[in-house]
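Accompanying notes for the structure given below.
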Amino acid sequence: MPEHALPAGSPRLAVPLDLGTLDAQPLRTARLLVRPLRESDAADVHAYQSLPDVVAYLPWPVRDRDASAEHTAARASRRVLAADGDAVALAVVLPGTPSLGAPGDGRVIGDLTLILVSERHAQVEVGWVLHPDFRGRGYAAEAAGALLDLAAGAGAHRVAARVDPDNAGSLALCARLGMRHEGTAREDRWDGDAGWRDTAVWAVTAAERRPGRATPVRG
Numbered sequence: 001m002p003e004h005a006l007p008a009g010s011p012r013l014a015v016p017l018d019l020g021t022l023d024a025q026p027l028r029t030a031r032l033l034v035r036p037l038r039e040s041d042a043a044d045v046h047a048y049q050s051l052p053d054v055v056a057y058l059p060w061p062v063r064d065r066d067a068s069a070e071h072t073a074a075r076a077s078r079r080v081l082a083a084d085g086d087a088v089a090l091a092v093v094l095p096g097t098p099s100l101g102a103p104g105d106g107r108v109i110g111d112l113t114l115i116l117v118s119e120r121h122a123q124v125e126v127g128w129v130l131h132p133d134f135r136g137r138g139y140a141a142e143a144a145g146a147l148l149d150l151a152a153g154a155g156a157h158r159v160a161a162r163v164d165p166d167n168a169g170s171l172a173l174c175a176r177l178g179m180r181h182e183g184t185a186r187e188d189r190w191d192g193d194a195g196w197r198d199t200a201v202w203a204v205t206a207a208e209r210r211p212g213r214a215t216p217v218r219g
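Take 1 as the starting number for the sequence shown in full-length UniProt numbering and just add one per residue.
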């Protein structure tokens, strides 16, 4: 058996997973499109990356317009999950709402991240961020639910989220997505002036996840 071959009966995750294909055929929820982040989304992304209350629970600093454009371009260039640790960013688009930047399919009101944690064990991690002007309407649950469905369809056995215990909105979203709180890692990360921070781990397995209504855009 080759060094990295999986034993018979092992979970099979569809790797490499090319999420760039969602550019031509995005995921669609009742009100949103979910597709790969693009360099041209920089103005919309900056609108929330520049807000201190948004980045308070994220591993990012507040960014000015130039830094946000550079960060968006870097994230937009990564579209394939091929090896453990790879991450792909997906834009959450609200059709019918004009973009703050280049005209396109609507305004990017937030983004999702899908991380390949372990191909061998079919484990992925998800993350999300949403502009505060669009919170409280169920958009985050729609978009994240579509991503969980995509991950399950690709063969992911377990999808996890790592959340700051003080981030009430994300904790509620995890529960709404059917995830369970598996535990809290104490002081596992250093956050500058905030000091040591805890991390709550939430997860759901493929068998526990009830598929949502996300469907590909046709035509």
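Positions of the beta carbon are idealized from the N, C-alpha and C atoms, including for glycine.
Query, Result
"Residue environment, Ala89, which counts as buried when at least 16 other CB atoms sit within 10 Å", "buried"
"Residues near Ala185 in its chain [Cβ-Cβ closer than 6 Å; skip 5 each side]", "Thr199"
"Beta-carbon gap between His131 and Ala206 smaller than 9 Å", "no"
"Bridge-paired residues (DSSP) for Ala73", "Paired residues: none, contrary to the question."
"Contiguous alpha helix (DSSP H) assignments of at least 4 residues, all confined to the region 16-50", "42-49"
"Outcome for Gln123 when other beta-carbon atoms lying within 10 angstroms are tallied against a minimum of 16", "buried"
"Opposing strand residues paired with Gly110 [DSSP bridges]", "Val92, Leu130"
"Val92 and Leu171 closer than 9 Å at C-beta", "no"
"Option nearest Pro165 by Cα separation, candidates Ala76, Val45, His181, Ala102", "His181"
"Residues near Gly20 in its chain [Cβ-Cβ closer than 8 Å; skip 5 each side]", "Pro36, Arg79, Val80"
"Span of the beta strand (DSSP E) around Glu187", "180-190"
"Buried or exposed (CB count within 10 angstroms, at least 16 for buried), Ala203", "buried"
"Check: Ala24 C-beta below 8 Å from any heavy atom of the ligand ATP", "For the ligand ATP, the structure offers nothing, since it holds no ligand at all."
"Cβ-Cβ distance between Ser99 and Asp41 below 9 Å", "yes"
"Rounded C-alpha distance that separates Arg218 from Asp193", "Since pLDDT at Arg218 reaches only 35, below the 50 mark, its modelled position is unreliable, and no value is offered."
"Nonlocal neighbours in the same chain, by C-beta distance under 6 Å from Tyr57, ignoring five residues either side", "Asp164, Asn167"
"Per DSSP, the bridge partner or partners of Ala203", "Ala160, Arg180"
"Arg176 classed as buried or exposed, judged by whether at least 16 other C-beta atoms fall within 10 angstroms", "exposed"
"Where Asp149 falls: helix, strand or coil (DSSP)", "helix"
"Rounded C-alpha distance that separates Asp191 from Asp53", "15 Å"
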